[in-house]
Amino acid sequence: MIRHTASWRDEPTNHAQNGKLPRDSAPAAPAPVAGSLSITAATADPGLLNLPWQIPLEDWPSDTLAPLPRGISRHVVRFALMGKAVIAIKETGEHVARHEYHMLRKLRRLAAPCVEPVAVITGRTDTEGNDLDPVLVTRHLKYSLPYRALFSQKLRRDTLTRLIDAQALLLVRLHLIGFYWGDVSLSNTLFRRDAESFAAYLVDAETGELYPELSSGQREYDLEIARVNIAGELMDLMEAGLIEDTVDPVATSEDILHAYRGLWAELNDKESFDLSERWRVDERIRRLNELGFDVEEISLKTSPDGGQLLIQPKVVDAGHHTRRLLRLTGLDVEEGQARRLLNDLDAFRAKKHPDADEEIAAARWVTDVFDRITGAIPREFHGKLEPAQIVHEVLEHRWYISEARGSNVPMEEAVASYVDAVLRHRRDEARLVYGPEEQSTTT
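The C-terminal position of the sequence shown is numbered 443 in the UniProt record's numbering, with every residue numbered one higher than the one before it.
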């Protein structure tokens, strides 16, 4: 194996820059020499140097790879082991890799749902001194799956609808912070289970740009790209027999238009009502909170005749329930999971500790409910689902079997029933393994 001489460089400090990074915006990379690497990274992880960068990515040995499912990509993409961590590696052009790395860094600072960038590596050569393509390295998002890997058999219509709803919410969140994606698709998104829904994460930002604010034309163009790409992806799934025959790919792809526009209107539209209906101000705020958004301020104006009130909320951030649960319990989960767990926490407090402080009741709920459930899950099933998803499903399972029995089922019995009837039959989503014939993703 050749000896690497790595040059570590941090990203430029011009964090306020919007849009694509020009080719000369980063310091010039040192001229590569045989066996040398230039690594742009926020932190220097020595584990990067232990990987076989002198081998084309598509030829990497299996002992360096993590057998995780990959989505469709224009590039060669591999998952690799870096110590105990799993990283995603994509071969691409240097300018594209640097642009995507810096764009992901900016999106992370803005708390956007996206994968975490690790490094850009250039100066790769093989053992004979031939140049190899640069790579972008990102951290694998645990428990996330490409849309094709979510289903072992046919994709049901209701599941497909939930995926598209998650994609619409992701697009709204990105547009709110001024991010134009330019290549919206299910293939460029990773999904994690979020209670009965899914949470979507951007995984490919190479065509993206950041602006202070997007015009309606930019947003609609992104939305049209999403519609066309999703229609094509659904046609591919139908051709492969992976979705129900009753699904119309073109009509279904238009669902993202309705979901996006309805959500955008709820978050941004002005609303007028009679002065006697001032309660509708609180109602609007509650609806936004239920959607998972916090409101920083409300703009109220009266009509010239004084008979109407005009309201326009200023939405500042998504993750309303996630932040409340994190503050109360320290649990960092998805928004839908947080909403479900908070409902159980509030019911637990009302029933068992009605006079206790909210924080004290929350601490007792973690011990008596959350930890009690997760601690009862056999070790061999710990990789099946995220702990928060397991707790959510146990609570739902307990409710259903209690209703069927007509009496309250003890928690221990509900957990045992869930493990035996549900969890043991689920795929291991922390370490979902595909066979060798399914691991190629060069397109």
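Virtual Cβ for every residue (Gly too), placed ideally from N, Cα, C.
task = Would you tell me roughly how many angstroms separate the C-alpha atoms of Val-203 and Leu-190, rounded to the nearest one?
result = For the purposes of this step, residue 203 is taken as the residue at position 203 of the sequence shown. For the purposes of this step, residue 190 is taken as the residue at position 190 of the sequence shown. Cα to Cα, Val-203 sits roughly 6 Å from Leu-190.
query = For Thr-138, does the three-state DSSP call read helix, strand or coil?
reply = As a working note, residue 138 is residue 138 in the sequence shown. Strand at Thr-138.
ask   = So, using beta-carbon positions, are Tyr-418 and His-397 closer together than 8 Å?
value = Here residue 418 is taken as the residue at index 418 of the sequence shown, counted from 1. Here residue 397 is taken as the residue at index 397 of the sequence shown, counted from 1. Yes; because the gap between Cβ atoms is below 8 Å, this pair is in contact.
ask   = Three or more C-beta pairs closer than 8 Å, one from the stretch 86-94 and one from the stretch 122-138: is that the case here?
value = yes
task = For Ile-256, name the three-state secondary structure that DSSP assigns.
result = To locate residue 256, count along the sequence shown from 1; it is residue 256. Helix at Ile-256.
request  = Please report the residue range of the alpha helix (DSSP H) in which Val-422 lies.
outcome  = For this step, residue 422 is matched to residue 422 along the sequence shown. Element bounds for Val-422: n/a, residue is neither H nor E.
message = For the beta strand (DSSP E) containing Leu-190, name the first residue and the last one.
response = Taking the first residue of the sequence shown as 1, we reach residue 190 at position 190. Start and end: 189-194.
message = Is the beta carbon of Ala-362 closer than 8 Å to that of Thr-329?
response = The count along the sequence shown starts at 1 and reaches residue 329 at position 329. The count along the sequence shown starts at 1 and reaches residue 362 at position 362. In this structure, Ala-362 lies closer than 8 Å to Thr-329 by Cβ.
request  = Could you pull out every residue in the same chain whose Cβ sits closer than 7 Å to the Cβ of Val-366, ignoring the five residues on either side in sequence?
outcome  = On the sequence shown, position 366 is the one that residue 366 refers to. If we look at Val-366 and ignore the five residues flanking it on each side, its Cβ neighbours are Thr-329.
key: Contacts around Gly-319, its chain only, beta-carbon distance under 7 Å, and the 5 residues preceding and following it disregarded   = Within the sequence shown, numbered from 1, the residue matching residue 319 stands at position 319. Gly-292, Glu-335, listed in sequence order.
query = Which one or two residues does DSSP pair with Glu-91 in a beta bridge?
reply = Translated into the one-based positions of the sequence shown, residue 91 becomes position 91. Val-135.
query = Do the CB positions of Val-250 and Asp-222 come within less than 8 Å of each other?
reply = As a working note, residue 250 is residue 250 in the sequence shown. As a working note, residue 222 is residue 222 in the sequence shown. Not closer than 8 Å, so no.
message = Check for me: the alpha helix (DSSP H) holding Leu-328 runs from which residue to which?
response = Your numbering for residue 328 matches position 328 in the sequence shown. Start and end: 320-329.
ask   = According to DSSP, is Ala-231 helix, strand or coil?
value = Translated into the one-based positions of the sequence shown, residue 231 becomes position 231. In this structure, Ala-231 counts as helix in the three-state DSSP scheme.
inquiry  = If contacts are defined as beta-carbon pairs under 8 Å, then Val-415 and Ala-376 qualify, I think. What distance do you get, rounded to the angstrom?
reply    = Within the sequence shown, the letter at position 415 stands for residue 415. Within the sequence shown, the letter at position 376 stands for residue 376. Their Cβ separation, rounded to whole angstroms, is 5 Å, which keeps Val-415 and Ala-376 in contact under 8 Å.
request  = Measure the beta-carbon distance from Val-120 to Pro-134 and round it to whole angstroms, keeping in mind my assumption that it falls under 8 Å.
outcome  = Working through the sequence shown from its first residue, we reach residue 120 at position 120. Working through the sequence shown from its first residue, we reach residue 134 at position 134. The Cβ separation is near 6 Å, so the contact holds.
message = Helix, strand or coil, according to DSSP, for Tyr-143 in the structure here?
response = If you number the sequence shown from 1, residue 143 lands on position 143. The answer is coil: DSSP assigns Tyr-143 none of H, G, I, E or B.
request  = Assign Thr-246 to one of two classes, buried (16 or more other C-beta atoms within 10 Å of its C-beta) or exposed (fewer than that).
outcome  = Stepping through the sequence shown from its first residue, residue 246 is reached at position 246. So Thr-246 counts as exposed.
request  = Tell whether a beta-carbon distance below 8 Å holds between Arg-287 and Glu-266.
outcome  = For the purposes of this step, residue 287 is taken as the residue at position 287 of the sequence shown. For the purposes of this step, residue 266 is taken as the residue at position 266 of the sequence shown. Yes, the pair counts as a contact, with Cβ atoms nearer than the cut-off.
query = Can you round the beta-carbon distance between Ile-164 and Ile-230 to whole angstroms, since I take them to be within the 8 Å contact cut?
reply = Start at 1 with the first residue of the sequence shown, and residue 164 comes out as number 164. Start at 1 with the first residue of the sequence shown, and residue 230 comes out as number 230. Between Ile-230 and Ile-164 the Cβ distance is about 7 Å, and since that is below 8 Å, they are a contact.
request  = Just tell me which of His-75, Val-409, Pro-354, Leu-423 has its CA closest to the CA of Glu-380.
outcome  = For the purposes of this step, residue 380 is identified with residue 380 of the sequence shown, where counting begins at 1. Nearest of His-75, Val-409, Pro-354, Leu-423 to Glu-380, Cα basis: Leu-423.
message = Counting C-beta neighbours from all protein chains within 10 Å, is the total for Pro-146 16 or more, i.e. buried, or is it exposed?
response = By 1-based counting over the sequence shown, the position of residue 146 is 146. Under this definition Pro-146 is a buried residue.
inquiry  = In the DSSP assignment, the alpha helix (DSSP H) including Phe-348 goes from what residue to what residue?
reply    = Residue 348 sits at position 348 when you count from the first residue of the sequence shown. Looking at the DSSP string, the run of the alpha helix (DSSP H) that includes Phe-348 is 335-352.
message = Residues in the same chain with beta-carbon distance under 6 Å from Met-1, minus the five sequence neighbours each way, listed in chain order, please.
response = Position 1 of the sequence shown holds residue 1. Since pLDDT at Met-1 reaches only 42, below the 50 mark, its modelled position is unreliable, and no value is offered.
ask   = Assuming Val-409 and Ile-401 make a contact with CB atoms under 8 Å, what is their CB distance in whole Å?
value = Counted from its first residue, the sequence shown places residue 409 at position 409. Counted from its first residue, the sequence shown places residue 401 at position 401. So it is a contact: roughly 5 Å between Cβ atoms.
message = Could you tell me the alpha carbon to alpha carbon distance between Ala-44 and Leu-51, rounded to whole angstroms?
response = Here residue 44 refers to the residue found at position 44 of the sequence shown. Here residue 51 refers to the residue found at position 51 of the sequence shown. Taking the straight line joining both Cα atoms gives about 14 Å.
task = For Met-411, write down the residues that DSSP places opposite it in a beta bridge.
result = As a first step, residue 411 is located in the sequence shown; it is residue number 411 there, counting from the start. Met-411 is not bridged to any residue.
Where the alpha helix (DSSP H) containing Ile-243 begins and where it ends = One-based indexing of the sequence shown puts residue 243 at position 243. Element bounds for Ile-243: n/a, residue is neither H nor E.
request  = Measuring alpha carbon to alpha carbon, tell me which of Ala-42, Ala-347, Gln-54 ends up nearest Leu-104.
outcome  = Taking the first residue of the sequence shown as 1, we reach residue 104 at position 104. Per the Cα distances, Ala-42.
message = Considering only the alpha carbon of each residue, which of Asn-188, Asp-344, Val-118 lies closest to Arg-74?
response = On the sequence shown, residue 74 is found 74 positions in, with the first residue counted as 1. It is Asn-188.
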